[in-house]
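Asker: Encoded as C-alpha coordinates, here's the structure I'll be asking about.
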Amino acid sequence: MRLAALALLLPVALSGSVALSGSVAPAAPSWVWPVEGPRVVVRPFLAPPTPYGVGHRGVDLAAVAAGAEVVAVTSGVVHFAGVVVDRPVITIRTGQVLATVEPVTALVDEGEVVVAGQVIGTLEPGHCSRPCVHLGVRLAGEYVSPLLYLGGLQRAVLLPIDGGGA
(Lines of atoms letter the chains of each structure in order from A and count residues from 1; the text may use other names and numbers.)
(Lines give C-alpha, C1' and ligand atoms only; values in the text may rest on other atoms or scores of the structure.)
Protein backbone atom coordinates (compact mmCIF):
# COMPACT_ATOMS: atom_id res chain seq x y z
CA MET A 1 0.00 0.00 0.00
CA ARG A 2 2.76 2.44 0.96
CA LEU A 3 4.66 1.64 -2.23
CA ALA A 4 1.54 2.10 -4.34
CA ALA A 5 0.85 5.50 -2.76
CA LEU A 6 4.47 6.50 -3.31
CA ALA A 7 4.31 5.44 -6.95
CA LEU A 8 1.20 7.59 -7.47
CA LEU A 9 2.47 10.68 -5.66
CA LEU A 10 6.07 10.76 -6.86
CA PRO A 11 5.36 11.59 -10.52
CA VAL A 12 3.00 14.38 -9.41
CA ALA A 13 5.59 15.81 -7.05
CA LEU A 14 8.25 15.77 -9.77
CA SER A 15 6.07 17.05 -12.60
CA GLY A 16 5.43 20.51 -11.20
CA SER A 17 1.80 20.16 -12.28
CA VAL A 18 0.44 20.95 -8.83
CA ALA A 19 1.04 23.86 -6.50
CA LEU A 20 3.98 23.20 -4.21
CA SER A 21 4.19 24.55 -0.71
CA GLY A 22 7.88 25.35 -1.08
CA SER A 23 8.81 23.26 1.93
CA VAL A 24 11.39 20.60 1.27
CA ALA A 25 11.33 17.11 2.74
CA PRO A 26 14.18 16.53 5.20
CA ALA A 27 16.60 13.65 4.79
CA ALA A 28 15.73 10.31 6.35
CA PRO A 29 17.47 10.30 9.74
CA SER A 30 20.03 7.67 8.79
CA TRP A 31 20.93 8.83 5.26
CA VAL A 32 23.86 11.01 4.21
CA TRP A 33 25.06 12.49 0.92
CA PRO A 34 27.57 10.07 -0.73
CA VAL A 35 30.23 12.62 -1.74
CA GLU A 36 31.71 15.83 -0.40
CA GLY A 37 31.14 19.13 -2.13
CA PRO A 38 28.17 21.14 -3.30
CA ARG A 39 24.89 19.24 -3.23
CA VAL A 40 24.01 19.42 -6.90
CA VAL A 41 21.78 16.99 -8.78
CA VAL A 42 23.34 16.73 -12.24
CA ARG A 43 20.58 14.49 -13.59
CA PRO A 44 17.32 13.79 -11.73
CA PHE A 45 15.38 10.57 -11.21
CA LEU A 46 12.94 9.79 -14.02
CA ALA A 47 10.62 6.86 -13.37
CA PRO A 48 10.16 4.68 -16.44
CA PRO A 49 6.58 4.33 -17.71
CA THR A 50 6.89 0.52 -17.56
CA PRO A 51 9.25 -1.78 -15.64
CA TYR A 52 11.53 -2.19 -18.68
CA GLY A 53 10.94 1.24 -20.22
CA VAL A 54 13.35 4.10 -20.68
CA GLY A 55 14.02 6.19 -17.59
CA HIS A 56 16.75 7.25 -15.20
CA ARG A 57 16.52 4.93 -12.22
CA GLY A 58 18.49 7.10 -9.83
CA VAL A 59 20.11 10.50 -9.54
CA ASP A 60 23.51 11.69 -10.69
CA LEU A 61 25.12 13.80 -7.97
CA ALA A 62 27.99 16.21 -8.59
CA ALA A 63 31.34 15.28 -7.10
CA VAL A 64 34.51 17.32 -6.69
CA ALA A 65 36.75 14.97 -8.70
CA ALA A 66 37.32 11.41 -9.82
CA GLY A 67 39.19 9.62 -7.05
CA ALA A 68 37.05 11.29 -4.39
CA GLU A 69 35.96 9.24 -1.40
CA VAL A 70 32.42 7.86 -1.55
CA VAL A 71 30.65 7.11 1.73
CA ALA A 72 27.80 4.77 2.63
CA VAL A 73 24.54 6.70 2.27
CA THR A 74 22.95 4.56 4.99
CA SER A 75 23.92 1.90 7.49
CA GLY A 76 23.49 -1.68 6.35
CA VAL A 77 25.25 -4.67 4.84
CA VAL A 78 27.24 -4.60 1.60
CA HIS A 79 24.97 -6.65 -0.67
CA PHE A 80 27.21 -6.40 -3.76
CA ALA A 81 30.66 -5.00 -4.50
CA GLY A 82 31.96 -5.68 -7.97
CA VAL A 83 31.67 -4.86 -11.65
CA VAL A 84 28.44 -4.81 -13.64
CA VAL A 85 29.15 -4.75 -17.40
CA ASP A 86 32.01 -2.22 -17.30
CA ARG A 87 31.23 -0.24 -14.13
CA PRO A 88 32.33 -0.75 -10.55
CA VAL A 89 29.21 -0.86 -8.35
CA ILE A 90 28.49 -1.06 -4.61
CA THR A 91 25.06 -1.93 -3.22
CA ILE A 92 24.09 -1.63 0.45
CA ARG A 93 21.02 -3.39 1.84
CA THR A 94 19.07 -2.09 4.81
CA GLY A 95 15.79 -3.90 5.32
CA GLN A 96 13.86 -3.84 2.04
CA VAL A 97 15.93 -0.95 0.68
CA LEU A 98 18.89 -1.36 -1.68
CA ALA A 99 21.10 1.70 -2.24
CA THR A 100 23.56 1.47 -5.15
CA VAL A 101 26.41 3.81 -6.07
CA GLU A 102 28.45 3.76 -9.29
CA PRO A 103 31.06 4.10 -10.73
CA VAL A 104 32.74 3.44 -7.39
CA THR A 105 35.68 1.11 -6.78
CA ALA A 106 34.96 -0.75 -3.55
CA LEU A 107 37.04 -0.53 -0.41
CA VAL A 108 34.55 -2.88 1.29
CA ASP A 109 33.58 -6.51 0.78
CA GLU A 110 30.23 -8.22 0.27
CA GLY A 111 28.71 -9.11 3.63
CA GLU A 112 30.54 -6.33 5.47
CA VAL A 113 28.48 -4.20 7.85
CA VAL A 114 28.84 -0.47 7.14
CA VAL A 115 27.55 2.67 8.85
CA ALA A 116 26.23 5.82 7.21
CA GLY A 117 29.15 8.13 6.43
CA GLN A 118 31.78 5.37 6.35
CA VAL A 119 34.12 5.49 3.35
CA ILE A 120 33.19 2.56 1.10
CA GLY A 121 35.05 3.36 -2.12
CA THR A 122 36.58 5.81 -4.56
CA LEU A 123 34.80 7.53 -7.42
CA GLU A 124 35.84 6.55 -10.94
CA PRO A 125 35.42 8.79 -14.01
CA GLY A 126 33.15 8.18 -16.94
CA HIS A 127 29.54 8.24 -15.80
CA CYS A 128 28.83 11.92 -16.53
CA SER A 129 30.65 14.57 -18.54
CA ARG A 130 31.77 15.97 -15.16
CA PRO A 131 32.69 14.10 -11.98
CA CYS A 132 29.52 12.57 -10.54
CA VAL A 133 28.23 9.55 -8.67
CA HIS A 134 25.05 7.75 -9.67
CA LEU A 135 22.85 6.79 -6.71
CA GLY A 136 19.97 4.38 -7.24
CA VAL A 137 17.48 3.21 -4.62
CA ARG A 138 15.08 0.27 -4.76
CA LEU A 139 12.33 -0.19 -2.18
CA ALA A 140 10.91 -3.72 -2.14
CA GLY A 141 12.27 -4.19 -5.68
CA GLU A 142 10.84 -0.95 -7.12
CA TYR A 143 13.06 1.98 -8.12
CA VAL A 144 12.27 5.19 -6.23
CA SER A 145 13.91 8.60 -6.17
CA PRO A 146 16.92 8.66 -3.84
CA LEU A 147 15.91 12.21 -2.93
CA LEU A 148 13.09 10.67 -0.88
CA TYR A 149 15.86 9.49 1.46
CA LEU A 150 18.45 12.24 1.02
CA GLY A 151 15.90 15.03 1.36
CA GLY A 152 15.45 17.74 -1.20
CA LEU A 153 12.15 16.83 -2.82
CA GLN A 154 9.54 19.52 -2.52
CA ARG A 155 6.44 18.33 -0.71
CA ALA A 156 3.38 18.10 -2.92
CA VAL A 157 0.21 19.88 -1.90
CA LEU A 158 -2.78 17.76 -2.82
CA LEU A 159 -5.63 19.84 -4.19
CA PRO A 160 -9.26 18.83 -4.62
CA ILE A 161 -10.11 17.56 -8.10
CA ASP A 162 -12.96 20.08 -8.47
CA GLY A 163 -10.65 23.08 -8.14
CA GLY A 164 -10.87 23.64 -4.42
CA GLY A 165 -14.28 25.05 -3.55
CA ALA A 166 -16.32 23.79 -0.62
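Residues 0 to 165 (numbering that gives the first Met the number 0) make up the sequence shown, in order.
For each residue, glycine too, the CB sits at the ideal point set by N, CA and C.
(1) Consult DSSP for Tyr51 and reduce its assignment to one of helix, strand or coil.
(2) Counting pairs of beta carbons, one from the segment 103-117 and one from the segment 43-61, are three or more of them closer than 8 Å?
(3) Considering only C-alpha positions, which residue in the set Arg137, Arg56, Cys131 is nearest to Glu68?
(4) Looking at the secondary structure, which residues open and close the beta strand (DSSP E) in which Leu149 lies?
(5) Can you give the beta carbon distance from Val114 to Ala65, rounded, assuming they're within the 8 Å contact cut?
(6) So, under 8 Å CB-CB, Val31 and Gly116 are touching, yes? Tell me the CB distance rounded to an integer number of Å.
(7) What are the start and end residues of each continuous beta strand (DSSP E) run of 3 or more residues lying completely inside the segment 55-133, in chain order?
(8) Can you tell me whether DSSP reads Val34 as helix, strand or coil?
(9) For Leu158, does the three-state DSSP call read helix, strand or coil?
(10) Using the three-state DSSP reduction, which class does Val39 fall into: helix, strand or coil?
(11) What's the gap between the Cα of Arg38 and the Cα of Asp161?
(12) Consult DSSP for Gly140 and reduce its assignment to one of helix, strand or coil.
(13) I'd like the list of long-range same chain contacts for Pro124, defined as Cβ closer than 8 Å, with 5 residues on each side in sequence excluded.
Answerer: Let me lay it out:
(1) Position 52 of the sequence shown, counting from 1, holds the residue named residue 51. Reduced to three states, the DSSP call for Tyr51 is coil.
(2) By the Cβ criterion, the segment 103-117 is not in contact with the segment 43-61, since fewer than three pairs of Cβ atoms, one from each stretch, lie closer than 8 Å.
(3) The sequence position of residue 68 within the sequence shown is 69, counting from 1. Selected option, being the one with the closest Cα: Cys131.
(4) On the sequence shown, position 150 is the one that residue 149 refers to. It is not in any beta strand (DSSP E) - Leu149 instead sits in the alpha helix (DSSP H) that spans 146-149.
(5) One-based indexing of the sequence shown puts residue 114 at position 115. One-based indexing of the sequence shown puts residue 65 at position 66. With 8 Å as the limit, Val114 and Ala65 do not qualify as a contact, their Cβ atoms being about 25 Å apart.
(6) Start at 1 with the first residue of the sequence shown, and residue 31 comes out as number 32. Start at 1 with the first residue of the sequence shown, and residue 116 comes out as number 117. Yes, they are in contact, since the Cβ atoms of Val31 and Gly116 sit about 5 Å apart, within 8 Å.
(7) Taken in chain order, the complete beta strand (DSSP E) segments of 3 or more residues contained in the segment 55-133 are 58-61, 68-70, 75-83, 86-93, 96-101, 103-105, 118-122.
(8) For the purposes of this step, residue 34 is identified with residue 35 of the sequence shown, where counting begins at 1. In this structure, DSSP gives Val34 a state outside helix and strand, which the three-state scheme calls coil.
(9) Indexing the sequence shown from 1 puts residue 158 at position 159. Note: Leu158 maps to coil in three-state DSSP.
(10) As a working note, residue 39 is residue 40 in the sequence shown. Of the three classes helix, strand and coil, the one that applies to Val39 here is coil, per DSSP.
(11) Here the question's residue 38 lines up with position 39 in the sequence shown. Here the question's residue 161 lines up with position 162 in the sequence shown. As the crow flies, the alpha-carbon of Arg38 is around 38 Å from that of Asp161.
(12) As a first step, residue 140 must be located in the sequence shown, where it is residue number 141. Coil at Gly140, not helix or strand.
(13) The residue given as residue 124 occupies position 125 in the sequence shown. So the qualifying residues of the chain are Ala65, Pro102, Pro130.
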